[in-house]
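Participant:
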Amino acid sequence: MTDRADAVVIGAGVIGSAVALELARGGRSVIVVDKGPAPGAGSTSSSSSIIRFSYSTPDAVLTAWEAAALWNDWAGHLGVVDPDGMVKFVQTGMLIFHTPGNNTTRIEELWNEVGISYELLDSAALRARVPGVDIGAYFPPKRIDDPAFADDASSEMTAIYEPLSGFIDDPMLSAHNLAYAARHHGAQFRFHQEVVGFEQTDGRVSGVLLADGSTIHAPVVVNVGGPHSSGLNRLAGVADGMRIGNRPLRQEVFTVEAPEGLRLEDGFPATADLDIGQYIRPQIGGTWLLGGTEPECDELHWVDDPDQYDPYPTVEQFEVSMMRAARRVPSFGVPHRPVGLAALYDVADDWVPIYDKSDLPGFFMACGTSGNQFKNAPLAGKFMAAIIDAEAAGHDHDAEPVQYIGPRTGRAINLGAFSRLRDKSVTSGTVMG
Ligand SMILES: Cc1cc2nc3c(=O)[nH]c(=O)nc-3n(C[C@H](O)[C@H](O)[C@H](O)COP(=O)(O)OP(=O)(O)OC[C@H]3O[C@@H](n4cnc5c(N)ncnc54)[C@H](O)[C@@H]3O)c2cc1C
35 MTDRADAVVI GAGVIGSAVA LELARGGRSV IVVDKGPAPG AGSTSSSSSI
85 IRFSYSTPDA VLTAWEAAAL WNDWAGHLGV VDPDGMVKFV QTGMLIFHTP
135 GNNTTRIEEL WNEVGISYEL LDSAALRARV PGVDIGAYFP PKRIDDPAFA
185 DDASSEMTAI YEPLSGFIDD PMLSAHNLAY AARHHGAQFR FHQEVVGFEQ
235 TDGRVSGVLL ADGSTIHAPV VVNVGGPHSS GLNRLAGVAD GMRIGNRPLR
285 QEVFTVEAPE GLRLEDGFPA TADLDIGQYI RPQIGGTWLL GGTEPECDEL
335 HWVDDPDQYD PYPTVEQFEV SMMRAARRVP SFGVPHRPVG LAALYDVADD
385 WVPIYDKSDL PGFFMACGTS GNQFKNAPLA GKFMAAIIDA EAAGHDHDAE
435 PVQYIGPRTG RAINLGAFSR LRDKSVTSGT VMG
């Protein structure tokens, strides 16, 4: 069977569905192909879906700030209401401890420049904000078999509190919402369909080959394959033309009972605790999500084949995460058994995403999302449409990067910051970006 579209999007995750929406809204006929069963069923479904603005580069801060405005007006952004339910942006605020290596000075400078309000909390104010939390500084994070794990705190910490951060209450539903809106503009979604090759004509991509032997012809193909995207780039022959690489990294996130007084309902904020190497995200229903921030002592588990990894958390990482949480909150009740998940980040060399074209005309990519781009998905769709439109109009995005003007600030976001050809950006080198 042969089919035809103006654009094929590979992947119906939160970013792929956002790309499909913007391309369809711009008047293109779009076919989204996903080997999974539903929108957002890939790595999106495991996301902690935190929305925060704490990044190390001006374009990353602006992107997160502009994207938050779209989540804030979700129905307005989609232009339709999904009858299966709409996600909500739950604002918790974000607490970021001042810790060595946590780029907090840079974050404060960037927030001052963009106009993002925050409070500086001295130790007394921090203690009052999160009563029951031990605000001792234990940096650097340690494994529990390190004798220094039990050392007393070296001092008391201070923090930044930013009130407008939070999380999206259902990451998979957010992809469903975007896919619903894209369908409203005519996009087709085809599930259980795997892309296994690419067609080229006269030096351009001209379509995708599917595992069932069929072909979809299209002058534009966008790789939004999440943890599979580096493999798809290799299959298309574009990986060698990239200065920034990307690859899957296995991560574990635990669900635990939130300590008394520190629940979402008590106003407990999402917390970046690089002092012990964990992030905490309060959840509806009196629980917390506990994830890691790649401290130096934790080995990184790179994965060669994203179809072959253990999706269950390990006892070893469970114990470390629980003991770290207990160190921070003395009343934390360490659970007996791990409850949580293991999933894959698609990590770029500098932990900054790649939203770009490629050396193969017509082949584009939104990948390397580095465990920190859920929040930017609705804007990433607009970035990709802007790059694809510019290229279609004869513009060379490599030579003169497209500038995207954010409606919230009126400021230009330099999309060259997300180029595959950039020099490595200077970031925290972790999921914090
Ligand atoms: C554990 C975890 C926690 C996270 N926490 C946060 C957070 O708190 N805040 C934040 O901003 N970000 C977070 N992220 C990152 C964010 O969730 C991801 O960046 C985002 O979901 C990626 O979306 P995507 O659409 O690019 O990829 P995916 O959701 O992975 O979608 C890719 C799709 O491509 C399909 N596919 C792959 N190969 C093929 C093929 N050959 N043919 C057809 N289809 C194919 C897959 O089936 C899949 O559905 C987290 C990620 C993880 C894993």
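Quick note: the sequence shown uses the working numbering, first residue 35, plus one each step. Glycine included, each C-beta is placed from N, C-alpha and C at the ideal position.
Below 8 Å on the Cβ atoms is my guess for P316 versus A292; work out the distance and round it to an integer in Å.
Facilitator: 6 Å
Participant: For ligand 1, is there a heavy atom less than 7 Å away from the beta-carbon of F288?
Facilitator: No, ligand 1 has no heavy atom inside 7 Å of this Cβ.
Participant: First and last residue of the alpha helix (DSSP H) that includes N146?
Facilitator: N146 -> alpha helix (DSSP H) spans 138-148.
Participant: Let me know the secondary structure DSSP gives G444 once reduced to three states.
Facilitator: DSSP places G444 outside both helix and strand once states are collapsed to three, so it counts as coil.
Participant: Rounding to the nearest angstrom, what Cα-Cα distance links T139 and I447 in this structure?
Facilitator: 21 Å
Participant: Alpha carbon to alpha carbon, what distance is there between V242 and H251?
Facilitator: The alpha-carbon atoms of H251 and V242 are separated by roughly 7 Å.
Participant: Excluding the 5 residues flanking L375 on each side, which residues of the same chain have their C-beta closer than 8 Å to its C-beta?
Facilitator: S80, E286, V287, P345, Y346, P347
Participant: Between P303 and L334, what straight-line distance do the alpha-carbon atoms span, to the nearest angstrom?
Facilitator: 27 Å
Participant: Buried or exposed: where does T235 fall if 16 or more other Cβ atoms within 10 Å of its Cβ makes it buried?
Facilitator: exposed
Participant: Taking D380 and G260 to be in contact with their CB atoms under 8 Å, please state how far apart those CB atoms are, rounded to whole angstroms.
Facilitator: Indeed they touch by this definition, with Cβ atoms about 5 Å apart.
Participant: Does the beta carbon of I278 fall short of 7 Å from some heavy atom of ligand 1?
Facilitator: no
Participant: Is the Cβ-Cβ distance between L244 and N257 less than 8 Å?
Facilitator: In this structure, N257 does not lie closer than 8 Å to L244 by Cβ.
Participant: Can you check which of these residues, S365, P205, R163, F223, is closest to V67 by C-alpha distance?
Facilitator: Relative to V67, the option among S365, P205, R163, F223 whose CA is nearest is F223.
Participant: Counting along the chain, where does the beta strand (DSSP E) carrying M128 start and finish?
Facilitator: Annotation: the continuous beta strand (DSSP E) that includes M128 extends over 128-131.
Participant: What residue range is occupied by the uninterrupted alpha helix (DSSP H) comprising L154?
Facilitator: Per DSSP, L154 is not a residue of any alpha helix (DSSP H); the beta strand (DSSP E) it occupies stretches across 153-155.
Participant: Provide the residue(s) that pair with L243 in DSSP beta bridges, ordered along the chain.
Facilitator: G231, T249
Participant: At the level of alpha carbons, what is the spacing between V441 and S365?
Facilitator: Sequence inspection shows Pro at residue 441; the Val mentioned does not correspond to that position. Their backbone Cα atoms lie some 45 Å apart in a straight line.
Participant: Would you check if the segment 53-66 and the segment 410-426 touch, i.e. whether three or more CB-CB distances between them fall below 8 Å?
Facilitator: yes
Participant: Can you tell me where the alpha helix (DSSP H) holding W105 begins and where it ends?
Facilitator: Per DSSP, the unbroken alpha helix (DSSP H) holding W105 starts and ends at 92-106.
Participant: Hey, Y389 and A382: beta-carbon distance below 8 Å or not?
Facilitator: no
Participant: Rounding to the nearest angstrom, what Cα-Cα distance links Q407 and L144 in this structure?
Facilitator: 19 Å
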